[in-house]
Structure formats: structure tokens, C-alpha cells
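When the letters of the sequence shown are read in order and numbered with our numbering, they come out as residues 928 to 1384.
The beta-carbon is built from N, C-alpha and C at its ideal position, and this holds for glycine as well.
Since this is a predicted model, take the numbers as computed values, not measurements.
Remarks on the structure that follows.
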Amino acid sequence: MLSCVLVRVVLASLCGLVPVTAHSEPSVPKTQQQQLYEQAERARARGATDKAGETLAGMKEGYWSAIGYLNLSGDYARNDLNPSRALIALRVALAMADKDTDAQRKAALRSRILLRAGYLAFKSSEYEKAIGFFEQMPLDSHRTPQALYFHGLALAEQGNHRAAMQSWHRAKKYPLAYPGVADAWIGMGRGYDLSGYLGQAGEAYLAANAAYEGERVTLRKLAARIEEKGAYKTLVQGAEAQKSSWFLADSRTLAQPRTAYLLSFMEQSAPQQAVNQVVELARMASQLQRNAQDLGVFSAAIANQLETPGLSRTRPGYEALRRANKTLTERLNLLLEDARGNESSAGQVQKLQIMKTTLSDSEQQLNTLKSRLASRSANLKALLAESRQLRKQSLAHLESVAALRPRAEARLDRLALDFVATQDKRMVFALNKTEQQIAHLYEYLALKEINSGEQAK
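In C-alpha cells:
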């Protein structure tokens, strides 16, 4: 449930240069490396990138230093006209990330670093270097479609339109929820156009239009399902039902639209917080419900103990035992006197003496039994009162949680519906782009036909 590391923001232009926030469990004490990372982040936030770099240089290799250099590269990319410093920082981040002992976290972080490095190299027209970064991307990452799209752009800039279209064709196999997939559909049409296959270019643009329209239908269904069942059940629990880790899922899981939208949705900090609140409140409600049930059973058991004959009718039984013990002691004394008077064997006298000692011990135990039973009864009554009070508090807390859960779920629903609406606008924008391309293509074909007719005359 969400116990793995989640990234919070997308790169600029769905790839760009925004700082990464590293996550750690609030209950786990901060390590020295995490404290150094936060120290570097504070320096970087003040604009002291040199100071931040010095702090990072003194850190050990691993996750925290990799995140620090990744964020530092973003500052370099924004402030420098030349991307060399940013790319160096990203190469260092890759080296640091390779030392991370958490395999899943390392794979996710490497994907982010490689994508950003490739994007920076592409922006600076270093296409061969960009291609090298993109080709290191793993195929089981949800960032792979965007890497494939930029990989195709870099190849197209080198004039290799066929190879570019192969990359875009691979990107098209992913759901449109992932960044780069919608652009890859348009790229296919553009690739045919630049290669001189105008008819196939038109077909590619029409196919892109159909895909975007189909995705809008999917988004409307998703929005309706969120309104009906809530975002948590629709997105989060739906992903859990697949019994796979959606943070680094395999290619089959990545191909599912619901998982794709969940991944994109959860890259934002507000949805992360909203989901965490819903999960935590659900966990608290379940725990409080179990506590109330357990305390109810415990209280009933204590009450039953207080009502048992051994406690409620102790005095009659206690007096009867004392009388019986007294009678047995008197009879044993008579037997002991007779045995001594009749000069019985020493063994018989010793046995009778042992029996007398046993009865004496029983009398002492009976004398203390009343006080011990009274003390036990008082303790049980105190425990009963305490358990009933705790159950009452648990039920009161449960009512509070029950009142908070709808509000938390409603907030998550609003965020999810806003996200779906944004995705729908993205599809509308893509539709407009393909329609413009189709219009330009038809206009070009019409002009070409007119020119051919005039030449024929």
C-alpha cells in the first residue's frame, strides 16, 4: 500500500527539471546520510549550489547522494546555458544510485536520471549522447514510453526517420496515460510525411485521432466509476487487486490503463498525501474496531469471573471448609493421643503427625483465602472498569475516524476527477494537433493536384 518509495513530480514538459523529493517512513529515525541530504537541500534552496555540492561530495554512495545530485542537476540546467554541469551531476547521480541496496528503488531512480540526462542532451542538440542515455532505459519502467518518444526525436533529427518510427511504434503500445505516448502517435504521421509517404501519413493521423477519441471514452468511464465508487476503490484498490507491485510493474501490468493513470496520478504530492490519509484512516478504523471487540470480550470474561460461585458465594463455602478442617483436626488429635497412649509404632505416630501438620497448613491457607479472594475481586473490578472505559474511548475514536473518512475520500475524489479532466484536455489538445496536421496534409495534396492539372494544360 503504498509502502514503497514514490516520486512526486514530473519533469518539465512531462520530463523536465523539477527537484525530486525523497521519501522515508516518519517512524524511522533519520540516518546520517539523510540528514546530510537535507542539509544539502537547504543550501540548494537558498541558491548556494556550491555549498550543496560540497555537502554531497562528502556523502557516501547510495540513494540519498543520488537524489541530491539529481536535484542539483536541475539547478544547473535552469541556470546554465551550457548543460555540461547538469550532465556531469547526472552522471554522478547514476554512479551513486548504482550503490543503492534497494533494487526496486535503484531501478526507479536510474530511470528518472537517464530520462532527464537524455532530455538535456537532446535539448542541447547532442543527439548521439541523448540516444545513448535513452537506450539504457529499462523496458519495465513507466517512463519507458517517454524515453522511446525522445529517442525517436533524436533519431529523426539525425535524418534516420525509419528508426525513429520504430521507436514511436514501440511507444504506441503503451496506454495513452503515459507521457510521450500521445506524441508518439503524432510522430508516426510526421515520420511518414517526412519519408514521402503522404497517404500513410494521413492514415497515421486518422488512427491517432481514433486513439485519442477512444481514450476520451475511457476517461469518461473512469470519471463515472470514480463518482460511483470513489477514487480509492477505483484506482488504488483496483491496482492492489492485480497482486503486483505497480511501482515497478512488469510490461503486462504497465499496459493496463488504470495502472497507467494511477502511476501518473501518484507522481503528484497532493494525491500522495490524500491517498495516505485515506489508507491511514482505514487502518485506524480497522484497528479501533478490533480493539473494541477484544475489549468487549475481555470485559465479558471479567464480569463472568466476578459472577462465578467461587467469588459471589465465597463466604458459605469458606465457613464450611473451616468447620470441616477444625473437625478433622480435633479427630486427628484424638487419634494421635490414642496412638501414643497405646504405645503404637513410631511409624504410625509419625504418619499421624504429618497429617496434623498438613491440616494445620490447610487452616493457614483458609485463613488467608478470604483476604486473597477479596483482593482478587477488587482487582477484577478495577480491570473491568478500565476495560469498559478503554472500549468506550475506542468507540469514540472510531466515531471520529468514521466522520473523517468521508471527508478524506471526498478530497481524494476531487483530486482524481480534476486529474481525469486534465487528462481529457490533454487528449483534446492532441486531437487538435492531429486535425491540424490532417488539414495541412489535405491542403498540400489539393495544391499538388491543382499544380499537376495546370502543368498538364
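- Beyond the five residues adjoining it in sequence on each side, Y964 comes within less than 6 angstroms, by CB distance, of W991, G995 in the same chain, given in chain order.
- DSSP, read as helix, strand or coil, puts Y1101 in coil.
- Cβ-Cβ distances below 7 angstroms link M1023 to E988, G989, S992, A993, Y996 in the same chain, with the five nearest sequence neighbours on each side left out; the list follows chain order.
- In this structure, DSSP gives A1305 a helical state, which the three-state scheme calls helix.
- In the assembly as shown, D1007 is an exposed residue. Its beta-carbon has fewer than 16 other beta-carbons within 10 Å.
- In the structure shown, G1059 falls within a helical segment according to DSSP collapsed to helix, strand and coil.
- Judged by pairs of C-beta atoms under 8 angstroms, the region 1098-1105 touches the region 1186-1197, as three or more such pairs exist.
- By the criterion of a C-beta distance shorter than 6 angstroms, S1122 is surrounded in its chain by H1088, once the five residues flanking it on both sides are discounted.
- The region 1146-1163 makes no contact with the region 1049-1067: fewer than 3 CB pairs, one atom from each, lie closer than 8 angstroms.
- If you draw a straight line from the Cα of L1146 to the Cα of G985, it comes to about 48 angstroms.
- Cβ-Cβ distances below 6 angstroms link L1041 to F1060, Q1063, M1064 in the same chain, with the five nearest sequence neighbours on each side left out; the list follows chain order.
- Between Q1195 and the set A1343, L1368, E1370, T1161, the nearest pair of CA atoms involves A1343.
- Per DSSP, the continuous alpha helix (DSSP H) segment holding D1110 begins and ends at 1108-1122.
- The region 1107-1123 makes no contact with the region 1310-1326: fewer than 3 CB pairs, one atom from each, lie closer than 8 angstroms.
- Under the criterion of beta carbons closer than 8 angstroms, L1021 and R1039 do not qualify as touching, at roughly 10 angstroms.
- With contact defined as three or more Cβ pairs closer than 8 angstroms, the region 1332-1346 and the region 1131-1139 are not in contact.
- A1081 has its alpha-carbon roughly 7 angstroms from the corresponding atom of F1049.
- In the displayed model, K957 falls within coil according to three-state DSSP, outside both helix and strand.
- Between the alpha carbons of S1051 and N1009 lies a gap of roughly 8 angstroms.
- About 4 angstroms separates the Cβ atoms of A1083 and A1091, confirming a contact at the 8 angstroms cut-off.
- Judged by beta-carbon spacing, F1225 lies beyond the 8 angstroms limit of F1346, meaning their Cβ atoms are not closer than that value.
- As the crow flies, the alpha-carbon of R1070 is around 14 angstroms from that of K1033.
- CA-CA distance, E1053 to R1043, rounds to 14 angstroms.
- Between the C-alpha atoms of Y1371 and Q1073 there is a straight-line separation of about 30 angstroms.
- Around the C-beta of Y1139, 16 or more other C-beta atoms lie within 10 Å, and the residue is accordingly described as buried.
- In the same chain as K1026, and ignoring 5 residues on each side of it, the C-beta atoms closer than 6 angstroms to its own belong to E988, G989, in chain order.
- Residue burial annotation: L1374 is exposed, with fewer than 16 other C-beta atoms found within 10 angstroms of its C-beta.
- Cβ neighbours of Y1119 within its own chain (closer than 6 angstroms, five residues either side excluded): Q1127, A1128, A1131.
- A check of alpha carbon separations from Y1003 across A975, Y1076, D1029 identifies A975 as the nearest.
- Straight across, the Cα-Cα distance linking Q1085 with S1011 is about 21 angstroms.
- Distances from the alpha-carbon of E1336 to those of A1013, F1356, A1158, Q962 put A1158 closest.
- In the same chain as I1365, and ignoring 5 residues on each side of it, the C-beta atoms closer than 8 angstroms to its own belong to G1129, Y1132, L1133, N1136, in chain order.
- In the three-state reduction of the DSSP assignment, K987 falls in the coil class.
- For N1136, the enclosing alpha helix (DSSP H) stretches over residues 1125-1156.
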